[in-house]
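Take a look at the structure below.
If you want it as structure tokens, here you go:
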């Protein structure tokens, strides 16, 4: 009798961006097949509330948002669960901001604008880390 | 004062946006200086406030036709007014945010303010602005940089 290969469990994804278009683009990513979208938020404060409720494994995080910005939000999410994997997706292209996001606990940085391929590659890298 | 040579940062940001997001290049016309405080606008405008080391605004303004095609190039099927407004803000936010590559972290950008269907509401804080004309497919748009 053949033994079916064990399927990797789906990882839970939360998308945080104040742009509906960006949230939908991330939802259309090819890598999404390996992820279950458990929620999306359009500002940092809503993201923290949703994070507590849905407990995602992976988060994509914008930085420039109303109410609570992405850097502050990264810090709060990591304080709640230090195992969460966070991909920052932001237009802020200076090196200092990327370094700050990583220092606060983010695992990757994708600069806007991005192509579908760049988004897939960035998510692939993050998921490899999660599945390692 | 904002120097003419610094406009290159915004030209590069604009061309990069179209090449990457729409996978189709835009041509950028010669930037020009407007000194009467009226750089003009199209139907939809995304305005970014700039604070920190620089002060002023950067705005991207475009007609609905261009923004609709741009959304479709990004595989977005919902071309509602809400998504058109979202896109015009996102373009302004992205080009302004990318400028931090040259201007650094103290080039602080706000979240976008969207002005739609009311051209009179699009105003600048100073009389002097640089206008970057953008041509993409059959459409025209502008990036306006008004910094002290």
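Chains as they are written, first to last, in our numbering: chain A, 1000 to 1131; chain B, 4 to 151.
For each residue, glycine too, the CB sits at the ideal point set by N, CA and C.
Every value quoted in this text rests on a predicted model; they were computed, and no experiment measured them.
Neighbour list for residue i in chain B, Cβ cutoff strictly below 8 angstroms
i                       : result
residue 1096 of chain A : 103, 108
residue 1064 of chain A : 114
residue 1017 of chain A : 114
Within chain A, the residues that residue i reaches when beta carbons sit closer than 8 angstroms
i                      : result
residue 77 of chain B  : 1020, 1024
residue 208 of chain B : The structure shown does not extend to residue 208 of chain B, since chain B is modelled only from 4 through 151, so no value can be given for it.
Residue-chain proximity (residue i, chain A), Cβ-Cβ < 9 angstroms
i                      : result
residue 85 of chain B  : yes
residue 74 of chain B  : yes
residue 90 of chain B  : yes
residue 121 of chain B : no
residue 100 of chain B : yes
residue 156 of chain B : This structure does not reach residue 156 of chain B, given that chain B is present from 4 up to 151, and the question cannot be answered.
residue 97 of chain B  : yes
residue 39 of chain B  : no
Beta carbon proximity, residue i to chain B, threshold 9 angstroms
i                       : result
residue 1109 of chain A : no
residue 1082 of chain A : no
residue 1117 of chain A : yes
residue 1089 of chain A : yes
Coil, strand or helix - residue i by DSSP
i                       : result
residue 69 of chain B   : helix
residue 1048 of chain A : helix
residue 1069 of chain A : helix
residue 1060 of chain A : strand
residue 79 of chain B   : coil
residue 1083 of chain A : coil
residue 1129 of chain A : helix
residue 151 of chain B  : coil
Cross-chain neighbours of residue i in chain B, by beta carbon under 9 angstroms
i                       : result
residue 1113 of chain A : 23, 24
Proximal residues of chain A, C-beta to C-beta of residue i below 7 angstroms
i                      : result
residue 93 of chain B  : 1018, 1020, 1021
residue 138 of chain B : Under the 7 angstroms cutoff, chain A gives no residues; its nearest Cβ is about 18 angstroms from residue 138 of chain B.
Listed by chain order, chain B residues near residue i by CB distance under 7 angstroms
i                       : result
residue 1027 of chain A : 78
residue 1093 of chain A : 103, 104, 107, 108
Any non-hydrogen atom of the ligand HEM closer than 8 angstroms to residue i Cβ
i                       : result
residue 1080 of chain A : Absent from the structure shown: the ligand HEM. Ligands present: none.
Specify whether the segment 1102-1109 of chain A and the segment 58-68 of chain B touch according to this definition: at least 3 beta carbon pairs, one from each stretch, less than 8 angstroms apart. Output reads no: the segment 58-68 of chain B does not touch the segment 1102-1109 of chain A.
Runs of beta strand (DSSP E) wholly within the segment 81-148 of chain B (minimum 3 residues, chain order): The segment 81-148 of chain B contains these whole beta strand (DSSP E) runs: 110-112, 116-119, 132-139.
Would you call the segment 80-94 of chain B in contact with the segment 1015-1024 of chain A, where contact means no fewer than 3 C-beta pairs closer than 8 angstroms? A contact between stretches requires three or more CB pairs, one per stretch, nearer than 8 angstroms, and the segment 80-94 of chain B meets this requirement with the segment 1015-1024 of chain A.
Any alpha helix (DSSP H) of 4 or more consecutive residues that is wholly inside the segment 1087-1116 of chain A: Here the runs fully enclosed are 1094-1103.
In chain order, each beta strand (DSSP E) run of at least 3 residues that lies wholly inside the segment 6-73 of chain B: Taking only runs of at least 3 residues, the beta strand (DSSP E) segments lying wholly in the segment 6-73 of chain B are 35-37, 47-55, 59-65.
Under 8 angstroms: do the segment 129-137 of chain B and the segment 105-115 of chain B share three or more Cβ pairs, one atom per stretch? The segment 129-137 of chain B, when compared against the segment 105-115 of chain B, does not touch it at the 8 angstroms Cβ threshold.
Can you confirm whether the segment 14-33 of chain B touches the segment 1119-1130 of chain A when touching is taken to mean that 3 or more C-beta pairs between the two stretches lie within less than 8 angstroms? They do not touch, by the three-pair rule.
For the segment 62-71 of chain B against the segment 1078-1098 of chain A, are there 3 or more C-beta pairs whose distance is under 8 angstroms? No contact exists between the segment 62-71 of chain B and the segment 1078-1098 of chain A.
Given 8 angstroms as the limit, is there contact between the segment 1066-1077 of chain A and the segment 1089-1107 of chain A, that is, 3 or more CB pairs closer than that? Between the segment 1066-1077 of chain A and the segment 1089-1107 of chain A, the count of Cβ pairs shorter than 8 angstroms is three or higher; the stretches touch.
Taking 8 angstroms as the cut-off, does the segment 1083-1090 of chain A touch the segment 1052-1062 of chain A (at least 3 CB pairs, one atom from each stretch)? Touching, per the Cβ criterion.
Below 8 angstroms, can you find three or more Cβ-Cβ pairs linking the segment 33-46 of chain B to the segment 139-149 of chain B? Three or more pairs of CB atoms, one per stretch, sit closer than 8 angstroms, so the segment 33-46 of chain B contacts the segment 139-149 of chain B.
Tell me whether the segment 5-14 of chain B and the segment 77-87 of chain B touch, counting them as touching only if at least three CB pairs, one residue from each stretch, are closer than 8 angstroms. Inter-segment contact for the segment 5-14 of chain B and the segment 77-87 of chain B is absent: fewer than three beta-carbon pairs are separated by less than 8 angstroms.
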